[in-house]
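Shown next, in structure tokens, is the structure this report addresses.
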Amino acid sequence: MSLARSGACKVDGPTEAAASTNARAVIDFDPGRLTVLCTGAEAVGAIQGTGLSVTRVSLPVTKVQGMCGRYATTRTAPDLSALFAAFDETDEQLAPDYNLAPTDPAPIVRIDEAAQRRVLSVARWGLVPSWAESPKVGARMINARAETVATAKAFARAFAGKRCLIPADGWFEWVEKKPFYMTLPEGFAFAGLWTQNRFGLSCSIVTMEAAGQLKQVHHRMPLLVEPDRWQEWLTAPADPALLAPAAAGYLASIEIRPVGAAIGNVRNDGPSLIARLGESVEQESLF
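As numbered in my numbering, residues 633 to 919 make up the sequence shown, in order.
Shown next, in the form of structure tokens:
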């Protein structure tokens, strides 16, 4: 389960005060820019993945000011260990979370250089660089833009040698205050970065410009790593080619599912949060 959560909502820039708020608020995926910090039904944006079948939902394209992060990782540690062929070092610290928010503990798959094997670990969501004076800085580092990850001060070193996979079953986005859940039944992985220092193990999700049908939901999305590229992402030398989007067919298989407003409260958890909303949602073509 996630750490204790608060439903507070606040608007601020990327300041230390904003980072320390008890709301599992998200500083913008591009640190240093003005961001809307929010939880609740007003939240705009979240994290993203892939799916099999497309739910035809009519979504108006809207201008978004900021992004809030929320995703679901519903599999147990043994399941993730088997799926990613990774040694489980979570020590029973990991449980399914249907409403994972920034600064919560998150599963990651990384390479243990000493043992030369994949390991399943638990990391704080929000990368805390070695130069940070406080772990609160991590709340501003939940995402790294693919366009600048190789050169950004906070992420360049991790991109060069500490890349990870972040298992997820789906992510949430809000369109005009209505939450939607993007999912892939067999599970998927976000491209991630990790670091470990005096503040512990922490991670960040790499994001890119939204592609295909996801452009209607948000202008950004996570970089998705298809299974046949997992090992390359984890071990290959740093190269711009690693940041290439997933195949169009893979992205087109994403299911966009309307869900209930309960996901807006970070205190909530459980399978009901990813259940499809009832008949009130108009089923039409996405385009």
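Every residue, glycine too, gets a C-beta built ideally from N, C-alpha and C.
8 Å Cβ shell around residue i - same chain, five flanking residues per side excluded
{"i": "Leu866", "result": "Val741, Arg742, Ile743, Arg750, Arg795, Cys796 and Leu797"}
{"i": "Glu864", "result": "Leu874"}
{"i": "Val781", "result": "Phe787, Ala788, Phe791, Leu825, Val838 and Leu875"}
{"i": "Phe716", "result": "Val741, Arg750, Leu752, Leu797, Pro799, Ala821 and Trp862"}
{"i": "Ala718", "result": "Leu712, Val741, Arg749, Arg750, Val751 and Leu752"}
{"i": "Asp860", "result": "none"}
Sequence-distant residues of its chain with Cβ nearer than 7 Å to residue i (five each side left out)
{"i": "Thr926", "result": "Only positions 633 to 919 of the chain appear in this structure, which leaves residue 926 out of reach."}
{"i": "Thr694", "result": "Residue placement at Thr694 is flagged as unreliable, the pLDDT there being 37, under the threshold of 50; the coordinate-derived value follows with that caveat. So the list reads Val807 and Glu808, once near-sequence residues are dropped."}
{"i": "Gly793", "result": "none"}
Cβ shell of residue i (< 6 Å), same chain only, five flanking positions each side left out
{"i": "Phe831", "result": "Val760 and Pro767"}
{"i": "Met773", "result": "Gly758, Leu759, Ala786 and Ser836"}
{"i": "Val754", "result": "Thr722, Gln725, Leu726 and Pro737"}
First through last residue of the alpha helix (DSSP H) which encompasses residue i
{"i": "Glu864", "result": "Trp862 to Thr867"}
Residue i classed as buried or exposed, judged by whether at least 16 other C-beta atoms fall within 10 angstroms
{"i": "Asp711", "result": "exposed"}
{"i": "Trp803", "result": "buried"}
{"i": "Asn775", "result": "buried"}
{"i": "Pro811", "result": "buried"}
{"i": "Pro854", "result": "buried"}
{"i": "Ala714", "result": "exposed"}
{"i": "Glu765", "result": "exposed"}
Extent of the continuous beta strand (DSSP E) to which residue i belongs
{"i": "Phe804", "result": "Arg795 to Val807"}
{"i": "Pro710", "result": "It is not in any beta strand (DSSP E) - Pro710 instead sits in the alpha helix (DSSP H) that spans Ala709 to Leu715."}
{"i": "Leu816", "result": "Lys810 to Asn829"}
{"i": "Ala738", "result": "Pro737 to Asp744"}
{"i": "Leu883", "result": "Careful: Leu883 lies outside any beta strand (DSSP E), inside the alpha helix (DSSP H) at Ala880 to Ala884."}
{"i": "Asn775", "result": "Asn775 to Arg777"}
{"i": "Asn757", "result": "Here residue 757 is Trp; the residue named in the question, Asn, does not match the sequence. Note, Trp757: beta strand (DSSP E), Arg749 to Trp757."}
{"i": "Ala873", "result": "First-last for Ala873: undefined, no H or E at that position."}
{"i": "Asn731", "result": "Asp729 to Leu732"}
{"i": "Gly770", "result": "Neither: Gly770 is in no beta strand (DSSP E) and is coded neither H nor E."}
{"i": "Gly844", "result": "That residue, Gly844, is in no beta strand (DSSP E); it is neither H nor E in DSSP."}
Through-space distance from residue j to residue i, alpha-carbon basis
{"i": "Leu789", "j": "Leu909", "result": "Here residue 789 turns out to be Arg, not Leu, going by the sequence shown. The alpha-carbon atoms of Arg789 and Leu909 are separated by roughly 42 Å."}
{"i": "Tyr703", "j": "Asn897", "result": "13 Å"}
{"i": "Gly902", "j": "Ala894", "result": "10 Å"}
{"i": "Ala738", "j": "Ala842", "result": "23 Å"}
{"i": "Gln848", "j": "Ala771", "result": "26 Å"}
{"i": "Glu858", "j": "Gly819", "result": "10 Å"}
{"i": "Phe907", "j": "Glu721", "result": "According to the sequence as given, residue 907 is Ala; it is not Phe. Distance between the alpha carbons of Ala907 and Glu721: 31 Å."}
{"i": "Tyr813", "j": "His850", "result": "12 Å"}
{"i": "Ala870", "j": "Glu779", "result": "14 Å"}
{"i": "Gln828", "j": "Ala879", "result": "32 Å"}
{"i": "Arg852", "j": "Pro877", "result": "12 Å"}
{"i": "Thr815", "j": "Val769", "result": "29 Å"}
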